[in-house]
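Numbering-wise (my numbering), the sequence shown opens with residue 42 and increments by one. Cβ coordinates follow ideal geometry from the N, Cα and C atoms, glycine included.
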Amino acid sequence: MTTNTTSRPLAGRVAVVTGASSGIGEASAEQLASLGARVVVLARRADRLADLVSRIEKDGGSAVAIAADVTDAVAVQRAAARVEAEFGGADLLLNNAGIMLPAPVEELATDQWKQQIDLNITGLMNAIGAFTPQLVKAAAELGVADLINTSSIAAQNIFPNFAVYSATKAYVTHLSRHLRAELGAKNVRVSALEPGIVGTELQSHVTDQGARDWLAGSKDTMEWLTAQDVAKTVGFIASLPPRVNLQQVTIMPTGQAA
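Written out as structure tokens, the structure reads:
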């Protein structure tokens, strides 16, 4: 029994991961499942989610896919209702869905501004609104629940041409601090995870040539983090004793100065 608890510290827990069809979300879903959690993977791309569930189950884990766009509040509420009905509710939410579209503000790429605000902020709030009642309920019953929000080092540092993206991530970090003040006394741990550059499909979405060149140059001068590096950090945060809350975690490539 002791060995099982050590190797599968999240056994019995129900984790919802948004943005689970690629990158940090995908890797985190696999990591949380390997630690014993039943994982609900949520994203738009049903085919990618089906492949992820198959891999998790092949490795002995438990996962369920729900195809939904987090910018659609009704769809997220329906997903939360399904989690409540089928599993009794979630006790861990990894808010990971997001997009990065840097460009000089003078280019007036207003459609890209909106995309980032809609997904990185509104999508985040939709998930928080839908699942926080479940987290509070679970914490009252189990003594702990986790709300982990994926922010970015861009929330703290200055990167030219990343103004809108950085502002959305500053929102995530500051919101997390406030939510911790509200929910900590109810045994819901709130953490903001702030990675430096991570090699995911985020970079492939960038359309601005200057930003693409900057990213390519940074890859030549340092080894980027992998999604698995961040996923292990997510698993570590969730596996800590209930009395421990890492409220803000910065994880950087060794070669990234800022």
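Cβ neighbours of Ile194 in the same chain (closer than 7 Å, five flanking residues each side left out) = Glu235, Pro236, Gly237, Thr291 and Met293
key: Residues near Asp88 by beta carbon distance below 7 Å, same chain, minus five either side   = none
inquiry  = If you follow the beta strand (DSSP E) that Pro236 is in, where does it begin and where does it stop?
reply    = Val229 to Pro236
query = Any chance the CB of Gly64 is under 6 Å from a heavy atom of the ligand GTP?
reply = The model depicted lacks the ligand GTP and carries no ligand whatsoever.
query = Going by the beta-carbon positions, is the gap between Ala116 and Val124 smaller than 7 Å?
reply = no
inquiry  = Using DSSP's beta-bridge definition, name the partner residues of Ile292.
reply    = Pro236
query = Exposed or buried, Pro283, counting other C-beta atoms within 10 Å across all chains shown (16 or more means buried)?
reply = By the neighbour-count criterion, in which a residue is buried when 16 or more other Cβ atoms sit within 10 angstroms of its Cβ, Pro283 is exposed.
key: Distance between beta carbons of Asn198 and Ala233, contact taken as under 8 Å   = Contact doesn't hold; Cβ gap of about 14 Å is too wide.
task = Figure out for me which residue from Lys99, Gly258, Ala299 and Val285 has the closest Cα to the Cα of Asp187.
result = Val285
query = Is the distance from the Cβ of Gln318 to the Cβ of Leu142 below 7 Å?
reply = Residue 318 is absent from the structure shown; the chain starts at 42 and stops at 299.
query = Run through DSSP, which three-state label would Ala61 get?
reply = Here DSSP, grouped into helix, strand and coil, assigns Ala61 to coil.
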